[in-house]
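Residue numbers (this note's numbering): 10 to 75.
Given below as structure tokens:
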């Protein structure tokens with residue numbers, strides 16, 4: 010649960026930094042939209058990865074030699 014909270018803190022920090030450094034810049038809205046869209050696409054990709062992955066992973070298939 011702490012890792013999930015850490016992810017939210019990192020995400021919110023990104024938008025706080027954008028506001029801090031680019032609020033007066035003409036590209037502020039475009040920059041916000043870019044980060045929001047990238048975040049959305051990343052979350053969708055992670056969801057697809059999770060729902061299509063097998064529930065049990067056989068770790069014996071992996072080794073340093075392979």
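In this text, a Cβ means the ideal position worked out from N, Cα and C, and glycines have one as well.
| query | result |
| --- | --- |
| Specify whether the region 25–37 and the region 60–69 touch according to this definition: at least 3 beta carbon pairs, one from each stretch, less than 8 angstroms apart. | no |
| Could you tell me whether the Cβ atoms of residue 27 and residue 40 are closer together than 7 angstroms? | yes |
| Hey, residue 20 and residue 48 are a contact pair by Cβ (cut 8 angstroms); roughly how many whole angstroms apart? | 7 angstroms |
| For residue 53, which residues from the same chain have a beta carbon less than 6 angstroms from its beta carbon, with the 5 sequence-adjacent residues on both sides left out? | none |
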